[in-house]
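Visitor: When you number the sequence shown by my numbering, it's gap-free, plus one each residue, and the end is 809.
In this text, a Cβ means the ideal position worked out from N, Cα and C, and glycines have one as well.
Keep in mind the model is a prediction, meaning the values are calculated, not measured.
The structure follows.
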Amino acid sequence: MIDGSPLAADTAEEEFPAAEVVSTEPPRIHRLDESVVNRIAAGEVIQRPISAVKELVENSLDADSTSISVVVKEGGLKLIQVSDDGHGIRLEDLPILCERHTTSKLSKYEDLFSLNSMGFRGEALASMTYVGHVTVTTITKGQLHGYRVSYRDGVMEHKPKACAAVKGTQIMVENLFYNMIARRKTLQNSADDYAKIVDLLSRFAIHHKNVSFSCRKNGAVRADVHSVAASSRLDTIRSVYGVSVAKNLMEVEISCSDASGCVFEMEGYVSNLNYIAKKTTLVLFINDRLVECSSLKRAIEIVYAATLPKASKPFVYMSIKLPYEHVDINIHPTKKEVSLLNQEVIIEKIQSEIESKLRNTNDSRTFQEQKAELIQSTLIATPSDLPVSPLPSGQKLQKVPVQKKMVRIDSSDPAGRLHAYLQPMSQSQSEKVSRLNVVRSSVRQRRNPKETADLSSVQQLIAEIDSSCHSGLLDIVKNSTYVGMADDIFALVQYNTHLYLANVVNLSKELMYQQTIRRFAHFNGIQLSDPAPLSELILLALKEEDLDPGNDEEDDLKKKIAEMNTELLKEKSEMLEEYFGINIDSDGNLSRIPIVLDQYTPDMDRVPEFVLCLGNDVNWEEEKDCFQGVAAAIGNFYALHPPLLPNPSGDGIQFYTKKKNNGSSQENPNSGGDVEMEEILEDNLLSDAENAWAQREWSIQHVLFPSMRLFLKPPTSMASNGTFVKVASLEKLYKIFERC
């Protein structure tokens with residue numbers, strides 16, 4: 070048969086090829102590599118830089134810290150540095166510090182239901198090591214030195230190295246998401262990461278009022294968040310969110326314990342009817358844990374929308390306390406959400422309390438208005454509702470002239486003074502004093518942070534400053550009044566009935582030295598616009614001191630001195646940056662100098678001399694002598710020396726004049742050969758000199774003397790070295806006048 074022939078079969082296979090056989094077996098399940106698992110988990114825990122900052126700050130709070138400082142670079146992608154003064158980390162715990170699920174907060178599952186700490190799973194630090202480069206520097210109480218160690222992928226890169234450290238722990242996360250290209254590119258296009266970190270630190274600051282917080286960009290002079298420990302939470306809110314927020318807050322409190330099992334306490338502040346904002350701010354802490362609760366936020370917004378005009382958004386701070394077993398804190402990788410027992414009942418009670426508070430204060434809305442007394446030009450009328458007593462016979466009512474009410478005709482009469490028409494403030498005197506004390510405390514904390522260095526050498530230097538203080542001079546410094554500059558060096562000050570000449574250079578040098586010691590390892594910095602090569606600076610300083618310029622042998626010697634000092638300072642750059650805020654890069658360029666006093670910038674013309682002093686005048690072998698020498702060099706550099714340009718207000722004006730031929734000899738060749746010269750002022754140079762001297766005098770009056778009253782402890786040597794010279798006494802002047 071034709072159909073069954075082999076030829077027909079081959080032809081059919083060529084025209085209709087057989088379909089491919091698809092396997093129906095399920096794919097095999099296999100274990101993921103541990104590094105893949107850890108990296109996936111790290112991406113869930115550390116979602117963006119603010120996640121890392123939150124975890125590190127919570128760890129610092131768990132360590133009983135009283136001061137927490139955060140430094141951020143490029144929104145946290147380049148650098149996150151969190152420093153605290155907590156109890157530190159034990160040396161024996163460092164090897165497993167960044168392994169997953171290593172923690173000191175719990176040991177068994179049941180501990181989760183009575184947990185009162187911020188962290189507990191032991192995933193935060195481990196996750197950071199999988200997506201960034203982590204360096205930990207720590208010291209515990211009683212240790213002579215600290216330890217520094219770097220981590221990657223959960224393990225130490227090297228054994229802990231001994232190093233100098235201040236009390237507590239510093240954790241530095243660099244190059245965040247360096248191995249997650251897509252996420253890093255996404256975050257690089259976002260400009261609000263730093264703003265989110267600032268908002269986070271602001272929320273922590275108002276809840277943990279006994280802890281000082283600061284947050285700033287790397288290299289910035291001023292901190293964007295700076296709070297100090299305060300006794301009143303309202304004062305903390307005022308310092309962080311501003312006076313306009315704090316003055317429009319009402320206190321709310323709830324304490325509930327009913328038969329249904331709903332047990333909680335709530336305290337906080339909510340905005341009143343005078344507060345106007347376009348965005349709701351809800352700062353919510355549950356059992357001291359910063360969380361979010363969208364249902365509570367919506368409930369509060371509903372109350373304000375029904376009460377306030379134009380549906381203005383509220384500012385709300387709340388701290389809710391519940392039994393630990395009523396809170397499930399393990400429902401979110403970043404712990405930003407929690408689950409509450411009886412959550413609907415709690416929200417309803419809070420909503421009712423806020424609504425009641427707003428309804429009861431519905432008449433508290435205030436407006437600014439001018440208060441003026443009506444002026445009557447007619448006879449004085451007696452109110453109709455008061456009994457009228459008849460006037461004696463023959464006596465008439467007195468007419469009050471209009472001018473009497475409009476113009477002050479007697480210095481003792483308040484009528485006509487502006488403040489007679491102003492409404493007096495209702496604020497109590499005690500509240501004014503409290504607010505003023507908070508402001509003063511904030512200024513002192515910002516200008517002179519609390520010393521946290523545990524280095525014995527620094528403590529010895531501080532003790533020497535305190536012990537050598539002259540009590541008489543201290544009283545003069547704190548209670549004297551600045552009068553003016555007597556000459557380029559001495560300022561005239563008044564103390565009680567005496568006039569003194571005070572050496573501004575000596576006083577400023579001592580003040581800067583003491584501030585450098587007290588601010589040890591706590592410096593903000595001034596970033597130089599262009600890094601300055603150390604070798605060129607040192608050569609410039611050596612040439613200024615040279616009395617015989619042009620000597621080739623001397624020039625070679627100067628170059629060798631400059632090279633040696635440059636290499637020395639490069640070797641000491643890490644210590645100079647950590648302790649004194651002086652940044653020297655690997656190429657030997659000076660790029661940053663410290664801020665010793667706020668609102669004061671040193672004379673940059675003295676930078677070469679400063680660098681030369683660091684290289685030549687510091688004993689780098691002994692720790693105490695080294696710190697003292699560097700502080701002395703900084704003090705001399707920042708001292709208020711006279712500007713290098715002569716003072717144009719006196720005889721120094723001759724320095725800014727030059728003589729020029731007025732051309733009269735060319736016009737009259739028979740004039741006998743005498744050339745008439747004309748004096749011309751160099752306006753640009755003169756203007757620079759006037760600005761420099763005016764700026765110095767302003768700094769002396771508004772920066773130096775106020776800072777001296779706060780911080781300076783004048784040493785005993787100033788009583789005999791001519792720093793203070795009495796020039797007049799009021800009692801003796803009276804005797805002179807009596808003889809006249």
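#1: Which class does residue 667 belong to by DSSP, given the choice of helix, strand or coil?
#2: Out of curiosity, what's the CA-to-CA distance linking residue 688 and residue 530?
#3: So for residue 393, helix, strand or coil by DSSP?
#4: At which residues does the alpha helix (DSSP H) containing residue 197 begin and terminate?
#5: Tell me whether the beta-carbon of residue 709 lies closer than 8 angstroms to the beta-carbon of residue 573.
#6: Could you tell me whether the Cβ atoms of residue 784 and residue 538 are closer together than 8 angstroms?
#7: Less than 6 angstroms between C-beta atoms, sequence neighbours within five positions excluded: which residues of the same chain meet that for residue 481?
#8: Mapping DSSP to helix, strand and coil, what is residue 257?
#9: Mind checking who residue 295 pairs with in its DSSP beta bridge?
#10: In three-state DSSP terms, what is residue 216?
#11: Which value, in whole angstroms, describes the spacing of the CA atoms of residue 120 and residue 114?
#12: Looking at the structure shown, is residue 798 part of a helix, part of a strand, or coil, going by DSSP?
#13: How far does the beta strand (DSSP E) with residue 572 in it reach, from first residue to last?
#14: Out of 564, 524, 532 and 557, state which residue places its alpha-carbon closest to the alpha-carbon of residue 542.
#15: Leaving out five residues before and five after residue 789 in sequence, what residues of the same chain have Cβ atoms less than 8 angstroms from its Cβ?
#16: Counting C-beta neighbours from all protein chains within 10 Å, is the total for residue 549 16 or more, i.e. buried, or is it exposed?
#17: Which term fits residue 239, buried or exposed, when burial requires 16 or more other beta carbons within 10 angstroms of its beta carbon?
#18: For the beta strand (DSSP E) containing residue 118, name the first residue and the last one.
#19: For residue 704, which of helix, strand or coil comes out of DSSP?
#20: Thinking residue 715 and residue 758 are a contact (beta carbons under 8 angstroms), I'd like their distance in whole angstroms, please.
#21: In three-state DSSP terms, what is residue 581?
#22: So for residue 267, helix, strand or coil by DSSP?
#23: Assign residue 645 to one of three DSSP states: helix, strand, or coil.
#24: In angstroms, rounded to a whole number, what distance separates the CA positions of residue 575 and residue 135?
#25: Output the distance between the C-alpha atoms of residue 148 and residue 140, rounded to the nearest integer angstrom.
#26: Are residue 430 and residue 335 closer than 8 angstroms when you measure CB to CB?
#27: My assumption, with CB atoms under 8 angstroms, is that residue 145 sits in contact with residue 118. Please give the rounded CB distance.
#28: Does the count of Cβ pairs from the segment 692-701 and the segment 660-678 closer than 8 angstroms reach three?
#29: Since I believe residue 207 is in contact with residue 157 (beta carbons under 8 angstroms), could you give me their beta-carbon distance rounded to a whole number of angstroms?
#30: Taking the Cβ atom as the reference point for each residue, do residue 296 and residue 315 lie within a distance shorter than 8 angstroms?
#31: Short of 7 angstroms in beta carbon distance, which residues of its chain neighbour residue 154, apart from the five on each side in sequence? Order them along the chain.
#32: Quick check on residue 608: does DSSP put it in helix, strand or coil?
#33: Does DSSP put residue 348 in a helix, in a strand, or in coil?
Guide: Looking at the coordinates:
#1: By 1-based counting over the sequence shown, the position of residue 667 is 598. Reduced to three states, the DSSP call for residue 667 is coil.
#2: As a first step, residue 688 is located in the sequence shown; it is residue number 619 there, counting from the start. As a first step, residue 530 is located in the sequence shown; it is residue number 461 there, counting from the start. Distance between the alpha carbons of residue 688 and residue 530: 15 angstroms.
#3: Position 324 of the sequence shown holds residue 393. Correct three-state label for residue 393: helix.
#4: As a working note, residue 197 is residue 128 in the sequence shown. Residues 193-200.
#5: Translated into the one-based positions of the sequence shown, residue 709 becomes position 640. Translated into the one-based positions of the sequence shown, residue 573 becomes position 504. Contact annotation: residue 709 and residue 573 have beta-carbon atoms nearer than 8 angstroms.
#6: Residue numbering aside, residue 784 sits at position 715 when the sequence shown is read from its first letter. Residue numbering aside, residue 538 sits at position 469 when the sequence shown is read from its first letter. In contact: residue 784 and residue 538 (Cβ atoms closer than 8 angstroms).
#7: Your numbering for residue 481 matches position 412 in the sequence shown. Since pLDDT at residue 481 reaches only 43, below the 50 mark, its modelled position is unreliable, and the value read off the structure follows with that caveat. Excluding residues within five positions, none has a Cβ falling inside 6 angstroms.
#8: Residue mapping note: residue 257 aligns to position 188 of the sequence shown, counting from 1. In this structure, residue 257 counts as helix in the three-state DSSP scheme.
#9: The count along the sequence shown starts at 1 and reaches residue 295 at position 226. Looking at the DSSP assignment, residue 295 forms a beta bridge with 283.
#10: Numbered from 1 along the sequence shown, position 147 holds the residue referred to as residue 216. Residue 216 falls in the strand class under three-state DSSP.
#11: Residue mapping note: residue 120 aligns to position 51 of the sequence shown, counting from 1. Residue mapping note: residue 114 aligns to position 45 of the sequence shown, counting from 1. Their Cα atoms are separated by approximately 7 angstroms.
#12: Translated into positions along the sequence shown, residue 798 becomes position 729. The DSSP-derived three-state label of residue 798 is strand.
#13: In the sequence shown, counting from the first residue as 1, residue 572 sits at position 503. Its beta strand (DSSP E) spans residues 567-572.
#14: For the purposes of this step, residue 542 is identified with residue 473 of the sequence shown, where counting begins at 1. With distances taken between Cα atoms, residue 542 lies closest to 564.
#15: For this step, residue 789 is matched to residue 720 along the sequence shown. Around residue 789: no qualifying Cβ.
#16: Numbered from its first residue, the sequence shown carries residue 549 at position 480. Within a 10 Å sphere around the beta-carbon of residue 549 sit 16 or more other beta-carbons, which makes this residue buried.
#17: Locating residue 239 in the sequence shown gives position 170, where the first residue counts as 1. That one is buried.
#18: In the sequence shown, residue 118 corresponds to position 49, counting from 1. Note, residue 118: premise wrong, no beta strand (DSSP E); alpha helix (DSSP H) at 118-131.
#19: Taking the first residue of the sequence shown as 1, we reach residue 704 at position 635. Looking at residue 704 - three-state DSSP - the assignment turns out to be helix.
#20: Numbered from 1 along the sequence shown, position 646 holds the residue referred to as residue 715. Numbered from 1 along the sequence shown, position 689 holds the residue referred to as residue 758. Right, their Cβ atoms sit about 7 angstroms apart.
#21: Within the sequence shown, residue 581 is the residue found at index 512, counting from 1. In the structure shown, residue 581 sits in a helix (DSSP, three-state: H, G or I).
#22: Translated into the one-based positions of the sequence shown, residue 267 becomes position 198. Three-state DSSP puts residue 267 in a helix.
#23: Locating residue 645 in the sequence shown gives position 576, counting from the first residue. Note: residue 645 maps to helix in three-state DSSP.
#24: As a working note, residue 575 is residue 506 in the sequence shown. As a working note, residue 135 is residue 66 in the sequence shown. Whole-angstrom Cα-Cα distance: 36 angstroms.
#25: Here residue 148 refers to the residue found at position 79 of the sequence shown. Here residue 140 refers to the residue found at position 71 of the sequence shown. Computed Cα separation, rounded: 8 angstroms.
#26: Sequence index remark: in the sequence shown, residue 430 carries index 361 (1-based). Sequence index remark: in the sequence shown, residue 335 carries index 266 (1-based). No, the pair does not count as a contact, with Cβ atoms beyond the cut-off.
#27: Position 76 of the sequence shown, counting from 1, holds the residue named residue 145. Position 49 of the sequence shown, counting from 1, holds the residue named residue 118. That pair is a contact at about 3 angstroms.
#28: Because the criterion of three Cβ pairs below 8 angstroms is not met, the segment 692-701 and the segment 660-678 do not touch.
#29: In the sequence shown, residue 157 corresponds to position 88, counting from 1. In the sequence shown, residue 207 corresponds to position 138, counting from 1. At roughly 5 angstroms, the Cβ-Cβ gap stays under 8 angstroms, so residue 157 and residue 207 are in contact.
#30: Taking the sequence shown and counting its residues from 1, one reaches residue 296 at position 227. Taking the sequence shown and counting its residues from 1, one reaches residue 315 at position 246. No; because the gap between Cβ atoms is not below 8 angstroms, this pair is not in contact.
#31: Stepping through the sequence shown from its first residue, residue 154 is reached at position 85. Excluding positions up to five away in sequence, the list reads 134, 135, 136, 236, 237 and 521.
#32: Taking the sequence shown and counting its residues from 1, the one referred to as residue 608 is at position 539. In the three-state scheme derived from DSSP, where H, G and I count as helix and E and B as strand, residue 608 is classed as helix.
#33: As a working mapping, residue 348 is identified with position 279 in the sequence shown. DSSP, reduced to helix, strand and coil, places residue 348 outside both helices and strands of the structure shown, so it counts as coil.
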